[in-house]
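Chains as they are written, first to last, in my numbering: chain U, 1 to 229; chain H, 230 to 525. Where is the CB? At the ideal position from N, CA and C, for every residue including glycine. Keep in mind it's a predicted model, so treat the numbers as computed, not measured. Written out below as structure tokens is the structure these notes cover.
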Amino acid sequence: MIEAFRLGVFSRGSTLWDGLDFAFGDSSAWVVAAPPSSGKTLLLSILRGDRRPDAGNVVVSGESLYRGSDALARAYRASCGHVQEQTIADLRLTVEGLFRRSALAGGDVRDGERKERTDRLLAMVGLPGTSAWRIAEMSNSERVRAFLAAELLRGPKVLFCDGVVAAAGIPCREMLWGLFRALAREGNTVVLAERTIPERWALAAGDGASVGPFRVYRLPIPGTKGDPG
Amino acid sequence: MSEHRSLWWIDWRLSGGPLARETIGRFLFFCLLGFALLSLLLSGGANRLLADRYAITAVLRANIPSAEADRLARKIAALPPVRSAAYRDPEAAWKEFLRAYPGLEPLRAAGGNPLPGYIEVRIRHDRLTGDGVSLVVSALRSVSHVEQVLAGEEWLPRLLNAGRYASWFCRGLFGAFLAGFFLFCRLQERGRAVSLAGDFAFLAERGVPAGRIAVSRAAGAAVSGFLLAAAGTAAGGGALFLLLRKVPLLEGVIGPPADLFLPRTAAAVVVFSCGSALLSAAASLLGWRGARSGRK
Numbered sequence: 001m002i003e004a005f006r007l008g009v010f011s012r013g014s015t016l017w018d019g020l021d022f023a024f025g026d027s028s029a030w031v032v033a034a035p036p037s038s039g040k041t042l043l044l045s046i047l048r049g050d051r052r053p054d055a056g057n058v059v060v061s062g063e064s065l066y067r068g069s070d071a072l073a074r075a076y077r078a079s080c081g082h083v084q085e086q087t088i089a090d091l092r093l094t095v096e097g098l099f100r101r102s103a104l105a106g107g108d109v110r111d112g113e114r115k116e117r118t119d120r121l122l123a124m125v126g127l128p129g130t131s132a133w134r135i136a137e138m139s140n141s142e143r144v145r146a147f148l149a150a151e152l153l154r155g156p157k158v159l160f161c162d163g164v165v166a167a168a169g170i171p172c173r174e175m176l177w178g179l180f181r182a183l184a185r186e187g188n189t190v191v192l193a194e195r196t197i198p199e200r201w202a203l204a205a206g207d208g209a210s211v212g213p214f215r216v217y218r219l220p221i222p223g224t225k226g227d228p229g
Numbered sequence: 230m231s232e233h234r235s236l237w238w239i240d241w242r243l244s245g246g247p248l249a250r251e252t253i254g255r256f257l258f259f260c261l262l263g264f265a266l267l268s269l270l271l272s273g274g275a276n277r278l279l280a281d282r283y284a285i286t287a288v289l290r291a292n293i294p295s296a297e298a299d300r301l302a303r304k305i306a307a308l309p310p311v312r313s314a315a316y317r318d319p320e321a322a323w324k325e326f327l328r329a330y331p332g333l334e335p336l337r338a339a340g341g342n343p344l345p346g347y348i349e350v351r352i353r354h355d356r357l358t359g360d361g362v363s364l365v366v367s368a369l370r371s372v373s374h375v376e377q378v379l380a381g382e383e384w385l386p387r388l389l390n391a392g393r394y395a396s397w398f399c400r401g402l403f404g405a406f407l408a409g410f411f412l413f414c415r416l417q418e419r420g421r422a423v424s425l426a427g428d429f430a431f432l433a434e435r436g437v438p439a440g441r442i443a444v445s446r447a448a449g450a451a452v453s454g455f456l457l458a459a460a461g462t463a464a465g466g467g468a469l470f471l472l473l474r475k476v477p478l479l480e481g482v483i484g485p486p487a488d489l490f491l492p493r494t495a496a497a498v499v500v501f502s503c504g505s506a507l508l509s510a511a512a513s514l515l516g517w518r519g520a521r522s523g524r525k
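Pasting the structure below:
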């Protein structure tokens with residue numbers, strides 16, 4: 001359970017938002033929708049433990065992320081996966097390089113096991129046989145899916161995705177819809193930050209809750225009470 | 230623990246190709262350094278050359294029996310600074326004289342062999358010092374059979390000084406090469422740390438402490454530094470061995486090839502490899518720190 005209390009951020013000489021409360025339960029998938037420049041990326045970095053909020057606190061499983069021990073914060077970050085909206089830093093890498101780096105972050109994974117899981121994950125996000133491709137030569141949609149698959153290699157308990165649904169494109173929405181809900185069903189927490197929620201997802205998730213400039217939707221998880229799947 | 234080990238070789242995993250090229254370059258340089266180090270160790274700078282050229286001559290009194298002179302030579306040879314002590318009887322001395330000054334045979338016709346027997350004493354290259362020579366000379370002078378000791382004492386200090394300066398120069402040159410090499414390694418490490426900064430940030434974001442990355446990289450650099458130094462020095466030593474076998478003339482300057490297998494030579498190689506490991510780790514840490522401070 002990730003809870004944020006009275007979060008506030010002061011940026012560019014003014015208050016971006018203040019006094020916001022969030023609660024992201026375990027085994028669930030969430031979409032945080034907000035217009036551009038409202039602080040979605042910032043919110044995700046605060047929830048990940050990368051950026052201390054100017055006001056308020058983040059509590060993970062009952063322990064303060066910013067006022068607790070460093071070891072706890074590190075352990076939490078180690079259990080998180082994060083797919084950024086855009087990056088030019090990793091253009092020199094190949095898709096296999098992404099997976100190798102991700103495996104390093106998660107401890108030692110044997111090469112054979114990593115390759116086998118790499119192939120399976122790439123096929124799952126619609127990129128079979130692309131492990132030798134260079135990131136620089138891939139489209140935005142392909143990149144974001146490759147990054148997502150690389151994060152999934154470590155099996156993160158909490159997955160933060162920044163603009164992944166929009167970047168992946170309409171043809172991949174069904175795949176992502178199924179993937180995120182499957183991850184949540186397996187006990188993970190998925191938090192997506194998007195400018196808009198896809199129409200079909202909004203229909204399934206209902207109205208959502210308004211928190212400051214954000215609208216927070218909880219995606220229905222198949223197999224849970226009240227959801228037909 | 231497995232996580233620690235995987236981070237030791239993080240640079241290899243993230244940037245294997247460029248690092249392989251760097252490693253090959255470092256290995257070749259270690260071969261040169263190893264060759265120079267072993268040459269320096271065996272030769273002792275200019276000491277081996279000087280010791281090869283320098284000899285103390287103990288001129289014996291006339292009519293000393295050969296057996297007595299031989300026994301005296303053996304006693305002298307047992308002194309710690311002495312490499313060899315060989316007795317030359319008057320007949321051998323005369324032949325040597327004629328080889329050096331041909332055409333002086335008539336000198337003998339006048340009244341027999343005018344030359345006395347003598348003992349030629351050679352000093353060990355690592356004991357060729359003023360004290361070492363004094364010890365031998367005073368031991369020789371105290372023997373009643375010895376008429377005169379020719380040790381070149383008037384010019385020896387200058388010669389030893391010149392040899393010491395030459396040794397310092399050789400060691401300084403080697404040290405400068407070593408320092409330059411590790412400065413270059415530090416620049417390479419810094420460049421690599423900068424190029425992998427994005428990957429390190431990725432790992433830090435995912436709960437891997439930056440300090441652990443730096444220490445693990447340094448540990449990996451130390452291990453590879455040790456292995457490269459040991460392998461490079463062994464290869465350099467092999468080349469030196471072959472060179473000494475092919476060109477025996479060099480033995481007078483550097484030493485016999487068998488000296489490469491002495492325990493003290495092996496110990497020096499181990500110390501050099503350990504030193505290289507420490508310097509490699511330091512280069513890695515300094516490069517890491519330089520890359521991070523440059524980014525701030």
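- With distances taken between CA atoms, U:R48 lies nearest to U:G81 out of U:G81, U:W17 and U:G8.
- Residue nearest to H:A463 within the set H:C260, H:W241 and H:G245 is H:C260 (criterion: CA-CA distance).
- Ranked by how close their Cα comes to the Cα of U:G56, the residues U:R145, U:V9, U:V158 and U:A204 have U:V9 in first place.
- Leaving aside the five residues that flank U:E63 on each side, the residues in its chain whose CB is nearer than 6 angstroms to its CB run, in chain order, L72.
- Residues of chain H with a Cβ closer than 7 angstroms to the Cβ of U:A89 are, in chain order, G427.
- Taking a C-beta distance under 9 angstroms as the contact criterion, U:A184 and U:I221 qualify as a contact pair.
- Taken in chain order, the members of the region 427-451 of chain H whose beta-carbon sits within less than 7 angstroms of a beta-carbon on chain U are G427, D428, F431, L432, E434, R435, G436, V437 and P438.
- By the beta-carbon neighbour count (other beta carbons within 10 angstroms, threshold 16), H:F411 is buried.
- A check of alpha carbon separations from H:A460 across H:A284, H:H374, H:I253 and H:R242 identifies H:I253 as the nearest.
- Under the three-state reduction of DSSP, U:G81 is assigned to strand.
- Across the region 83-113 of chain U, CB contacts with chain H closer than 9 angstroms involve T87, A89, D90, R92, L93, G97, R100, R101, S102, A103, L104, A105, G106, G107, D108 and V109, in sequence order along the chain.
- Sequence-distant partners of U:P35 (beyond 5 residues in either direction) whose C-beta falls short of 8 angstroms from its own C-beta, in its chain, are R195 and P213.
- Assignment of U:D119 by DSSP, reduced to helix, strand and coil, places it in the helix class.
- The Cβ neighbour count for H:Y330, taken over all protein chains shown within 10 Å, is under 16; the residue is labelled exposed.
- At least one beta carbon of chain U lies nearer than 9 angstroms to the beta carbon of H:L243.
- From the listed residues H:L289, H:D240, H:G245 and H:A306, the smallest Cα separation to H:P343 is found for H:L289.
- When 8 angstroms is used as the limit between beta carbons, U:C80 is near these residues of chain H: R435 and G436, in chain order.
- Among the residues facing chain U, H:L248 is not included, as its CB has no counterpart in that chain under 9 angstroms away.
- For H:L236, the nearest beta carbon of chain U is closer than 9 angstroms to its own beta carbon.
- With a beta-carbon spacing of about 10 angstroms, H:A443 and H:L515 fall beyond the 8 angstroms limit used to define contacts.
- Within the DSSP bridge table, the entry for H:A315 names H:E349 as partners.
- Residues of the region 247-275 of chain H that bring their beta carbon within less than 7 angstroms of a beta carbon in chain U are absent altogether.
- Closest option to H:A468, judged by alpha-carbon separation, among H:R493, H:R415, H:P486 and H:A314: H:P486.
- Taking the beta carbon of U:D50 as reference, the chain H residues within 7 angstroms of it are E434, listed in sequence order.
- For H:I305, there is no enclosing beta strand (DSSP E); the residue is found in the alpha helix (DSSP H) stretching over S295 to A306.
- In the three-state reduction of the DSSP assignment, U:G19 falls in the strand class.
- U:K40 is classed as buried because its beta carbon has at least 16 other beta carbons within 10 Å across all chains shown.
- For U:A193, no Cβ of chain H is located within less than 9 angstroms of the residue's own Cβ.
- Around the beta carbon of U:L153, a 10 Å sphere encloses 16 or more other beta carbons of the protein chains shown; the residue is thus reported as buried.
- The shortest C-alpha to C-alpha distance from H:G346 to any of H:N292, H:A306 and H:V365 is the one to H:N292.
- Taking C-beta atoms as the reference points, U:G129 and U:D119 count as a pair closer than 9 angstroms.
- Under the 9 angstroms criterion on CB atoms, U:A73 is classed as interfacial with respect to chain H.
- For U:A166, the enclosing alpha helix (DSSP H) begins and ends at V164 to A168.
- Within the region 13-61 of chain U, the complete alpha helix (DSSP H) segments at least 4 residues long are 40-48, listed from N- to C-terminus.
- Cα atoms of U:G19 and U:F5: separation of roughly 7 angstroms, rounded to the nearest angstrom.
- When the Cα atoms are used, H:A306 and H:D299 turn out to be separated by approximately 10 angstroms.
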